[in-house]
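Q: This is the structure I want to talk about, given as structure tokens.
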Amino acid sequence: MKKVLAIVLAAALALTTLAGCSGGSTGTAPASSSSTALTGEDGGAPTADQFEVTEPIEIEWWHAQESQYAETIDKVIADFEAQNPNIKVNAIYQGSYTELNEKLIAAQAAGNTLPALVVANTPYVAEYGASGLCEVLDPYIEATGFEIDDFGEGLVASTQYDGQQVALPFLISTQIMFYNKTMADEEGIKLPETWDEMDAFMEAASKDGRYATVFPGWDQWYFEPYYLNRGVKLVNDDQVSTDLDSDLAIETAQKLKEWCDKGYAYWAYGTDASSIMRQNFIDGKTFSVMHTTSLYNTYVDNCDFEVGMHYYPGDVTRDSEVGGCVLLIPAKNSQEVKNAGWKLLSYLCSKEVNMIWASESGYMPTRNSVLQTEEGEAFLAEKPAFKAVFDNLDNINPRIQHPAWSSFANIWKETMAKSILENGDIAADMKNAVTEMNEVLSDA
Amino acid sequence: MKTTAPANTSVSKPMAAEIPFNKPSKLKRMEQFKDLLCVIPALIFLVIFTYYPIVDLFRISFTDWNLIKDTYTYVGAKNWIWLFQGSGWDTFLQSLKVTALYTLGELTITLVGGILLALLFNRISKPFSAMRAIVFMPKYIAVSTSAIVFLWILNGESGILNYVLNKLGFESVAWTTSEKTALLSVLMLTAWRVVGYAMMIYLSAIRGISQDYYEAASLDGANGFQQFWRITVPLLSPTTLFLFVTTFIASMKVFQSVDVMTEGGPYGSTQVMVHWIYELAFKDFRVDRAAVVSCVFFIILVTFTAATLKWSNKSVNYDS
Numbered sequence: 025m026k027k028v029l030a031i032v033l034a035a036a037l038a039l040t041t042l043a044g045c046s047g048g049s050t051g052t053a054p055a056s057s058s059s060t061a062l063t064g065e066d067g068g069a070p071t072a073d074q075f076e077v078t079e080p081i082e083i084e085w086w087h088a089q090e091s092q093y094a095e096t097i098d099k100v101i102a103d104f105e106a107q108n109p110n111i112k113v114n115a116i117y118q119g120s121y122t123e124l125n126e127k128l129i130a131a132q133a134a135g136n137t138l139p140a141l142v143v144a145n146t147p148y149v150a151e152y153g154a155s156g157l158c159e160v161l162d163p164y165i166e167a168t169g170f171e172i173d174d175f176g177e178g179l180v181a182s183t184q185y186d187g188q189q190v191a192l193p194f195l196i197s198t199q200i201m202f203y204n205k206t207m208a209d210e211e212g213i214k215l216p217e218t219w220d221e222m223d224a225f226m227e228a229a230s231k232d233g234r235y236a237t238v239f240p241g242w243d244q245w246y247f248e249p250y251y252l253n254r255g256v257k258l259v260n261d262d263q264v265s266t267d268l269d270s271d272l273a274i275e276t277a278q279k280l281k282e283w284c285d286k287g288y289a290y291w292a293y294g295t296d297a298s299s300i301m302r303q304n305f306i307d308g309k310t311f312s313v314m315h316t317t318s319l320y321n322t323y324v325d326n327c328d329f330e331v332g333m334h335y336y337p338g339d340v341t342r343d344s345e346v347g348g349c350v351l352l353i354p355a356k357n358s359q360e361v362k363n364a365g366w367k368l369l370s371y372l373c374s375k376e377v378n379m380i381w382a383s384e385s386g387y388m389p390t391r392n393s394v395l396q397t398e399e400g401e402a403f404l405a406e407k408p409a410f411k412a413v414f415d416n417l418d419n420i421n422p423r424i425q426h427p428a429w430s431s432f433a434n435i436w437k438e439t440m441a442k443s444i445l446e447n448g449d450i451a452a453d454m455k456n457a458v459t460e461m462n463e464v465l466s467d468a
Numbered sequence: 213m214k215t216t217a218p219a220n221t222s223v224s225k226p227m228a229a230e231i232p233f234n235k236p237s238k239l240k241r242m243e244q245f246k247d248l249l250c251v252i253p254a255l256i257f258l259v260i261f262t263y264y265p266i267v268d269l270f271r272i273s274f275t276d277w278n279l280i281k282d283t284y285t286y287v288g289a290k291n292w293i294w295l296f297q298g299s300g301w302d303t304f305l306q307s308l309k310v311t312a313l314y315t316l317g318e319l320t321i322t323l324v325g326g327i328l329l330a331l332l333f334n335r336i337s338k339p340f341s342a343m344r345a346i347v348f349m350p351k352y353i354a355v356s357t358s359a360i361v362f363l364w365i366l367n368g369e370s371g372i373l374n375y376v377l378n379k380l381g382f383e384s385v386a387w388t389t390s391e392k393t394a395l396l397s398v399l400m401l402t403a404w405r406v407v408g409y410a411m412m413i414y415l416s417a418i419r420g421i422s423q424d425y426y427e428a429a430s431l432d433g434a435n436g437f438q439q440f441w442r443i444t445v446p447l448l449s450p451t452t453l454f455l456f457v458t459t460f461i462a463s464m465k466v467f468q469s470v471d472v473m474t475e476g477g478p479y480g481s482t483q484v485m486v487h488w489i490y491e492l493a494f495k496d497f498r499v500d501r502a503a504v505v506s507c508v509f510f511i512i513l514v515t516f517t518a519a520t521l522k523w524s525n526k527s528v529n530y531d532s
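So the protein sequences, as listed, match chains C and E. Here this note's numbering is used: the first residue of the first sequence is 25, the next is one more, and so on. Here this note's numbering is used: the first residue of the second sequence is 213, the next is one more, and so on.
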């Protein structure tokens, strides 16, 4: 009897798996509701009335802003609730962007515990957009007259997927070189404007065991602008190969390694590399560091010298990439929840709220209109170092969007770190890595 | 030549007929039904939260589901081919090697460290009780909290361990950022957490061994080591088996300490299996591939556990 039962169970298991082998057929994952196309009552474009919140509703906003921002969040939400008495907002801290991502996709799979509004780190936009997680915001923007054109072009593009607006820029940062302005003034150190000036800068800024700069090797986001600005295509137009084994890319990698080998810079790597790098800058052990603008306040508050910000040196181009987080509305929510979510989203992305965040953190003002206003001038008077960013708002581009980007980037940064830190042959290492990277890209 | 049926055949048939089949009484059947009712809630829980997900995992491994999309396509054995014949194989082997090394390390720490500490702390006095509590305490501190503290201790630039090493005349070590020492760093945290627990389990088992054995061995002239090796170790074998199986399964599933301390790096040197599965599912959005790796890993775990239990039936001494 036991044997028979075992055979039956095994057969059932086999049948389950065999059922899966029938290639080409499709299935449906659990879902609570689905996104429907938004149209007006007459079948045309939707009107603002359709997005009004007429009944009292309680919604959740999931965010990743740590305790130092709790007061700002409380203040912003209290103001929003005062302006929208029908909407009660529960702002819930869900941990880091990674933890928030886990919770969001688990809720998406379950289909019934999604928040009305959620922040997401910029690299997630492509995958969320491709998978239909996000509500398409174009009808909301059009119907309510939301001023999307006031954002920089790069910011708008970084929140789009396939030409559709699936999110809006919220707390935006970009790569920047923080430097010791006091030291620069005293020693007359000239900051590099171009890639060709980097050699002279490295030599001038490093002395007596002090580094000229630090390359944050724990995240390729920090060193990819050097490649992009020199014209290296990280993902080729065919979407299945990379240019990282081209002569130009190898030369760039060799130069980065050379600066580290000569002791001008070091390659920061590992889970605690960020905090060590920060401390080295605060202690004056390095003249500059490459980091995110969002840490401006942290550096200023901890350094006993004047902190300057310098835009990355350029070559063929002089661009940087968007970092930080965006806001999106999960498409599986009911229309009532989405409407309340949109109210909150448009409020949080408004110029006024953006300026509150910008002045209380290192995140950037995202609106072009701010730059020419008194508010903009007041902001620059308070944080003069941000001029380097203001001058380049239109040069901040979206991040690379590819389904295999995470695996691809991981191979790249691990190869760079191993080759630089363990004195490998970086040309050979990169060529080997590119074989694997191409496989990853074509396999996506 | 005439053949005859075995003599006992004719005897056995009437005997079998004489022994009636003992049908369970109504009362016994009621008792059995009551027992069944008691286990049904647990059984339902197991079916929903353990058995069904395992079966569903196999099904997902034949799809291209990424956990976010509402729809998916059955893609046949594509994901299995990726693992066994594609780019997944090298990472799988590397991850299996790291997991095996970690497991070996944790098993050694638990079994050897646990028994040695148990012998050391097998004293009945207040100071020893306090010390036992101190050694045991780390087990109940959250792994992530402990991992952050260990990151500070092992910090390559400002960690206290390197400070002590420098004072003793040694060079600083890049504990968590060198592929030579990263796994060791994770094992240091593991040792700190688990050895006290193993000590307590061994301690209670040691105290359960009758003193008669040691007295008899002493009379026969056995020294301390011989008594330990010939009496204590064999009689602790059920405890060792329990610790072996539970530690084996727990260490094969290690995740949190690796995630906080090294994130699987540097260069994959601490990329244990569960962390790789996590990265496939939540960083690369390849739940389909994560499902394949989970299935294979599940089979490996079940096979090892079954083999251990079978071996234990032959080798473990339950006579203490």
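Backbone N, C-alpha and C fix where the C-beta goes; we use that ideal spot for every residue, glycine too. Keep in mind it's a predicted model, so treat the numbers as computed, not measured.
#1: What are the partner residues of E90 (chain C), as DSSP defines its beta bridges?
#2: Anything in chain E within Cβ reach of G386 (chain C), meaning under 7 Å, just list it in chain order.
#3: Taking A292 (chain C) as the reference, give the member of C:V346, C:Q263, C:S374, C:H315 with the closest Cα.
#4: Between I444 (chain C) and chain B, is the shortest Cβ-Cβ distance under 9 Å, so that the two count as touching?
#5: I want to check one thing, is the minimum distance from the CB of Q306 (chain E) to the heavy atoms of the ligand NAP below 8 Å?
#6: Hey, is I129 (chain C)'s beta-carbon within less than 9 Å of any beta-carbon in chain E?
#7: Compare the C-alpha of W294 (chain E) against each of E:A518, E:D500, E:L319 and name the closest.
#8: Is there a Cβ of chain C sitting closer than 9 Å to that of F167 (chain E), yes or no?
#9: Can you round the beta-carbon distance between T315 (chain E) and S463 (chain E) to whole angstroms, since I take them to be within the 8 Å contact cut?
#10: Out of curiosity, what's the CA-to-CA distance linking W292 (chain E) and S307 (chain E)?
#11: With a cut-off of 9 Å, does the C-beta of K411 (chain C) fall near any C-beta of chain E?
#12: Within the same chain, show all residues whose beta-carbon is closer than 8 Å to that of I83 (chain C), passing over the 5 residues directly before and after it, in chain order.
#13: Alpha carbon to alpha carbon, what distance is there between M473 (chain E) and L352 (chain C)?
#14: Do you know how far the Cα of K522 (chain E) is from the Cα of T515 (chain E)?
#15: Whole angstroms is fine: what's the gap from F202 (chain C)'s alpha carbon to Y414 (chain E)'s?
#16: Please name the residue, chosen from C:A289, C:F329, C:L319, that lies closest to D307 (chain C) on a Cα-to-Cα basis.
#17: When the cut-off is 9 Å and only beta carbons count, does Q132 (chain C) lie next to chain E?
#18: Is it the case that the Cβ atoms of A394 (chain E) and G477 (chain E) are separated by a distance below 9 Å?
#19: For V464 (chain C), go through chain E and note every residue whose CB falls closer than 8 Å to its CB, in chain order.
#20: Could you check whether the Cβ of S430 (chain C) sits closer than 9 Å to any Cβ belonging to chain E?
#21: With 8 Å as the C-beta to C-beta threshold (strictly closer), list the residues of the segment 473 to 485 of chain E near chain C in chain order.
#22: 9 Å is my cut-off, CB to CB: does S370 (chain E) come that close to chain C?
#23: What is the DSSP secondary structure of G338 (chain C), reduced to helix, strand or coil?
#24: Where does N421 (chain C) sit, in a helix, a strand or coil, going by DSSP?
#25: Which residue or residues does DSSP assign as beta-bridge partners of V346 (chain C)?
#26: Quick check on this structure: which residue in C:F75, C:S120, C:Q132, C:E79 has the alpha carbon closest to the alpha carbon of T283 (chain E)?
#27: How is P226 (chain E) classed by DSSP in three states: helix, strand or coil?
#28: Using the beta-carbon of each residue, which ones in chain C are nearer than 7 Å to T389 (chain E)?
#29: Between the segment 274 to 282 of chain E and the segment 361 to 381 of chain E, do three or more beta carbon pairs fall short of 8 Å?
#30: Hey, F225 (chain C) and A236 (chain C) are a contact pair by Cβ (cut 8 Å); roughly how many whole angstroms apart?
#31: For the beta strand (DSSP E) containing Y290 (chain C), name the first residue and the last one.
#32: Is the segment 238 to 257 of chain C touching the segment 331 to 339 of chain C in the sense that three or more CB pairs, one from each, lie closer than 8 Å?
#33: Could you tell me the alpha carbon to alpha carbon distance between T459 (chain E) and L331 (chain E), rounded to whole angstroms?
#34: Just by C-beta distance, which residues in the segment 99 to 132 of chain C are closer than 7 Å to chain E?
#35: Nearest to S273 (chain E) by CA position, among E:V508, E:T444, E:T520, E:R442, is which residue?
#36: Using the rule of at least 16 other Cβ atoms within 10 Å of the residue's Cβ for burial, across every protein chain shown, is F245 (chain E) buried or exposed?
A: In short:
#1: BP columns for E90 (chain C) are empty, so no partner.
#2: Going along chain E, no residue has its Cβ under 7 Å from G386 (chain C), so there is no contact; the nearest lies around 24 Å.
#3: C:H315
#4: You won't find chain B in this structure, because its protein chains are C and E.
#5: Looking for the ligand NAP in the displayed structure turns up nothing, as the structure carries no ligands at all.
#6: yes
#7: E:D500
#8: What is shown of chain E runs 213 to 532, which leaves residue 167 (chain E) out entirely.
#9: 4 Å
#10: 17 Å
#11: no
#12: I111, K112, V113, N114, P139, A140, L141, V361, A364, G365, L368
#13: 31 Å
#14: 11 Å
#15: 56 Å
#16: C:F329
#17: yes
#18: yes
#19: S299
#20: yes
#21: M473, T474, E475, G477, P478, Y479, G480
#22: yes
#23: strand
#24: strand
#25: C:T198
#26: C:Q132
#27: Bear in mind that the predicted position of P226 (chain E) carries a pLDDT of just 48, short of 50, making it too unreliable to give a figure here.
#28: Y293, G294
#29: no
#30: 6 Å
#31: 289 to 292
#32: yes
#33: 20 Å
#34: N125, E126, I129, Q132
#35: E:V508
#36: exposed
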